[in-house]
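The next block holds one structure in the form of structure tokens; read it before the comments.
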Amino acid sequence: MFEATFAEEFKSSVAPSRLWKAGVLDLHVLAPKIASQFIESVEVEGDGGVGTTKTFNFTAGIRLTLVELVESNYREGPKKAVPTLRYVKNKVDVLDNENLVYKYTVVEGSEKFKSNTHQIKIEGSEDGGSIFKFSGEYITVGDDEAAAEADIKAAKEGNLNMFKGVESYLLANPNAYA
Numbered sequence: 001m002f003e004a005t006f007a008e009e010f011k012s013s014v015a016p017s018r019l020w021k022a023g024v025l026d027l028h029v030l031a032p033k034i035a036s037q038f039i040e041s042v043e044v045e046g047d048g049g050v051g052t053t054k055t056f057n058f059t060a061g062i063r064l065t066l067v068e069l070v071e072s073n074y075r076e077g078p079k080k081a082v083p084t085l086r087y088v089k090n091k092v093d094v095l096d097n098e099n100l101v102y103k104y105t106v107v108e109g110s111e112k113f114k115s116n117t118h119q120i121k122i123e124g125s126e127d128g129g130s131i132f133k134f135s136g137e138y139i140t141v142g143d144d145e146a147a148a149e150a151d152i153k154a155a156k157e158g159n160l161n162m163f164k165g166v167e168s169y170l171l172a173n174p175n176a177y178a
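If you use UniProt numbering, the sequence shown corresponds to residues 1 to 178, in order.
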């Protein structure tokens, strides 16, 4: 078992309300459009608030990419069979529309994590843009530290790339989510 946390912060010229609407409230609609090479569909169970689950169904492309990433990070010994990531189901733990705070837990889909939680906080910046704060806490299954680090890196980068995709979409479509 391996435990890790991270915290990242990014500045964006996009207003906080637009990032919140597109990147949190409507991500289930936007993600398959802006990342169709990785996300096939998103299923929502609930009203979008606390307790709602969102299942992100991945394409074959992401399954292969994650397997290659994990396998390439093993330090020694034979390559181990790596289960493919077909989907992840996230449960909404916190949805604070006033303070723009969103916290979710991955509850299904990844056999690699015993626990996997993320928090997003979007703040306004002095220039009218946003400060996007993203953090995560992971507890992996198994004792292979190199594999655990690769799993965590893949999960973190996937989420951060989604933010960058949302930001790019909003910059290219200034009237969207206005």
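C-beta: ideal position from N, C-alpha, C; glycine also.
May I ask you to report which of helix, strand or coil DSSP gives residue i?
| i | result |
| --- | --- |
| Gly77 | Confidence at Gly77 is low in this model, with a pLDDT of 41, below 50, so the placement of that residue is unreliable and no value is reported for it. |
| Glu68 | Since pLDDT at Glu68 reaches only 48, below the 50 mark, its modelled position is unreliable, and no value is offered. |
| Gly142 | coil |
| Val82 | Because the pLDDT at Val82 is just 43, under 50, the model does not fix this residue reliably, and the value given afterwards should be weighed accordingly. In this structure, Val82 counts as coil in the three-state DSSP scheme. |
| Ala4 | strand |
| Gly23 | helix |
| Ser125 | coil |
| Leu95 | strand |
| Val29 | helix |
| Ser36 | coil |
| Ser41 | strand |
| Arg18 | helix |
| Asn116 | strand |
| Gly46 | coil |
| Tyr177 | coil |
| Ser13 | coil |
| Glu111 | coil |
What are the start and end residues of the alpha helix (DSSP H) that includes residue i?
| i | result |
| --- | --- |
| Tyr169 | 145-172 |
Do residue i and residue j have their C-beta atoms within less than 8 Å of each other?
| i | j | result |
| --- | --- | --- |
| Val106 | Val88 | yes |
| Lys133 | His118 | no |
| Ile131 | Lys11 | yes |
| Val44 | Asp93 | no |
| Val24 | Gly129 | no |
| Ile152 | Tyr169 | no |
| Phe113 | Val141 | yes |
| Ser41 | Asn57 | yes |
| His90 | Thr53 | Note that residue 90 is Asn in the sequence shown, not His. Yes, Cβ-Cβ distance for Asn90 and Thr53 is below 8 Å. |
| Glu157 | Phe2 | no |
| Ile120 | Pro16 | no |
| Ala178 | Arg18 | yes |
So residue i packs on residue j, CB below 8 Å; how close in whole Å?
| i | j | result |
| --- | --- | --- |
| Val166 | Ile34 | 7 Å |
| residue 205 | Leu160 | Because the chain is modelled from 1 through 178, residue 205 falls outside the range shown and cannot be assessed. |
| Phe6 | Ser135 | 6 Å |
Can you tell me where the beta strand (DSSP E) with residue i in it begins and where it stops?
| i | result |
| --- | --- |
| residue 186 | Here the chain has residues from 1 to 178 only, and residue 186 is not among them. |
| Thr53 | 53-58 |
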